[in-house]
Amino acid sequence: MDTINTLSEFLLQSGSQYRVFDMGRRVTKISTDLFSDFEHAVTPYPYPIGQHACVAVVFWNKQQSTEHYVWFLKLPLDERGLLEQASRSQFLELVISALGRSLEQTPSEEQQSALDHNPIIFKPSDQKLAAFTSYVRQLMKLPASQFMSPALSYLQDESQYHEWQSVGYQGLSDLAVRLDDPMISNAVAQSIDKLPNESFCALCCALENVQVNTALATKLLSILTAALENDNSLIAIHAARALSFAKGQGFISQAFELLMNSKLSSNQLDLLVIISGRYWLEIKDELAALNYLEKVAASKVSDDIFSQLFSDLVFIPTCRLPMLTALRNPNRSNELAQYIAKFIAA
């Protein structure tokens with residue numbers, strides 16, 4: 006019998022179809038080929054967070070059931086961003102023991118508990134879970150949740166805006182993944198600059214996982230600009246989140262530049278985290294990396310925070326070389342040089 010070494014091999018040999026999604030920086034699909042290469046330690050994980058790959062694996066077998074199943078996995082990475090094989094292999098052994106090679110077995114209570122409480126299993130935040138559910142239902146051509154219609158009605162009726170408590174992440178996420186629908190796109194664009202803070206922030210959390218169109222990105226950029234000028238950190242940070250995956254690269258670059266040139270009187274750390282967590286693709290050369298590190302140093306964060314922000318970016322494959330090169334840049338400020346010296350010593 007063929008040896009099964011990876012989750013990808015297990016799912017294929019069991020006759021299952023599967024899809025993989027990143028659940029770390031944003032909810033986005035990962036190709037099965039890339040995930041297979043990652044499992045074989047051929048390629049580093051493209052979107053690491055906290056030196057882990059946070060993924061959702063959705064799988065189903067039409068011959069056996071109409072049900073879809075999900076694993077939320079937090080897979081540890083080595084210093085090169087490659088998968089550490091041991092924890093994944095241990096989980097795979099548990100899966101095969103509990104479910105069989107063809108997913109034909111029903112696990113015992115003890116086996117199910119071992120699967121549920123395995124160290125690599127994690128629970129996504131409510132925001133991420135809502136976005137993932139919407140994305141998967143749309144991908145599988147399943148109807149939207151029951152929460153989408155009330156969320157759309159809320160956006161279309163300004164007299165309801167004070168009732169923001171009635172609108173949850175799921176309904177807003179359902180709308181976000183359906184921005185190709187002109188009615189939904191128009192409702193979101195027309196309402197976004199009028200919403201109370203609570204529903205505005207919730208909507209932005211949903212929009213950060215989709216490629217917002219030009220009309221919506223234009224409004225969000227205007228909101229971001231005004232919020233930074235008025236030192237409104239809450240609105241600025243959420244508008245930046247919603248813009249971070251816009252269809253037009255120009256919007257992303259403009260938002261990044263605004264964030265890099267701004268300094269909020271409060272929540273400065275949140276601003277730094279949004280830049281590294283949502284705009285990492287803009288940190289693609291030594292100058293951008295150096296400017297970001299200088300901004301971190303100028304914010305007078307603790308040594309631990311500096312270390313965390315640097316480590317977060319240096320583990321991303323596209324940022325690794327720019328960040329390491331910036332670390333040795335002779336033109337760095339004395340303030341940054343002190344942070345770097347403490348980081349290296351630690």
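Quick note: the sequence shown uses our numbering, first residue 6, plus one each step.
Don't be surprised by glycine CBs; every beta carbon is placed ideally from N, CA and C.
Is the beta carbon of Leu314 closer than 8 Å to that of Ser281? yes
Quiz item: In this structure, does DSSP put His74 in helix, strand or coil?
Solution: Note that residue 74 is Tyr in the sequence shown, not His. It is a strand residue.
Taking only three categories from DSSP, how would you classify Val63? strand
Residue range of the unbroken beta strand (DSSP E) whose run includes Gln22 = Gln22 to Asp27
Sub-8 Å separation of Ala251 and Ala136 beta-carbons: no
inquiry  = Using the three-state DSSP reduction, which class does His122 fall into: helix, strand or coil?
reply    = coil
Q. Quick one, which of Leu274, Leu17, Phe26 and His57 has its alpha-carbon nearest Ile321's?
A. His57
Notebook entry, point to check: Ordered along the chain, which non-local residues of its own chain (more than five positions away) have a Cβ less than 8 Å from that of Trp285?
Noted result: Arg30, Leu318, Ile321, Thr323 and Cys324
**Message:** Within 8 Å, do at least three Cβ pairs link the stretch 41-57 to the stretch 76-83?
**Reply:** yes
Here's the rule: buried if 16 or more other CB atoms are within 10 angstroms of the residue's CB, otherwise exposed. What is Met6?
Its pLDDT being 45, under 50, Met6 is placed unreliably in this model, and the value from its coordinates should be taken loosely. Met6 is exposed by the Cβ-count criterion.
For His243 versus Pro201, is the C-beta spacing smaller than 8 Å?
-> no
message = Suppose you measure from the CA of Gln95 to the CA of Gly86; what does that come to, to the nearest Å?
response = 19 Å
Taking buried to mean at least 16 other C-beta atoms within 10 Å of its own C-beta, is Gln69 buried or exposed?
exposed
Q | Neighbourhood of Leu263 by C-beta distance below 7 Å, restricted to the same chain and skipping five residues each side | A | Leu229, Thr230 and Leu233
> If we count the other Cβ atoms within 10 Å of its Cβ and call it buried at 16 or more, is Asn214 buried or exposed?
Replying inline: buried
* Asked: Where does Leu229 fall in DSSP's three states?
  -> helix
On a Cα-Cα basis, can you pick out the residue from Gln116, Leu97 and Met28 that is closest to Leu16?
Leu97
Looking at the structure shown, is Leu314 part of a helix, part of a strand, or coil, going by DSSP? helix
Notebook entry, point to check: Which value, in whole angstroms, describes the spacing of the CA atoms of Leu3 and Lys199?
Noted result: Outside the displayed span of the chain (6 to 351) sits residue 3, for which this structure offers no information.
Sequence ranges, alpha helix (DSSP H) only - wholly within the stretch 132-185, length at least 4 = 153-161 and 174-181
In the DSSP assignment, find the alpha helix (DSSP H) that holds Lys34 and state where it starts and stops.
Lys34 -> not in any alpha helix (DSSP H); beta strand (DSSP E) instead, spanning Thr33 to Ile35.
List the residues that DSSP assigns as beta-bridge partners of Ile54.
His57
The alpha helix (DSSP H) enclosing Thr323, as first and last residue numbers:
Pro322 to Leu332
### Message
As an exercise, report each continuous alpha helix (DSSP H) stretch of at least 4 residues that is fully enclosed by the stretch 179-219, in chain order.
### Response
187-196 and 202-212
Within the continuous alpha helix (DSSP H) that includes Lys347, where are the two ends? Asn339 to Ala350
message: Could you tell me the alpha carbon to alpha carbon distance between Ile350 and Ile279, rounded to whole angstroms?
response: A quick correction: the sequence has Ala, not Ile, at residue 350. Cα to Cα, the separation comes out at about 27 Å.
Write down the C-beta distance between Glu340 and Ala302 rounded to the nearest angstrom, noting that I regard them as a contact closer than 8 Å. 5 Å
Margin query: Excluding the 5 residues flanking Tyr344 on each side, which residues of the same chain have their C-beta closer than 6 Å to its C-beta?
Written below: Ala302 and Phe311
Distance, Thr138 Cα to Asn191 Cα = 23 Å
- request: May I ask which residues mark the beginning and end of the alpha helix (DSSP H) holding Phe127?
  value: Neither: Phe127 is in no alpha helix (DSSP H) and is coded neither H nor E.
*Between the C-alpha atoms of Gln22 and Asn66, what's the straight-line distance to the nearest angstrom?*
6 Å
Lys300 in three-state terms, based on DSSP: helix
Exercise. Mapping DSSP to helix, strand and coil, what is Lys268?
Worked result: coil
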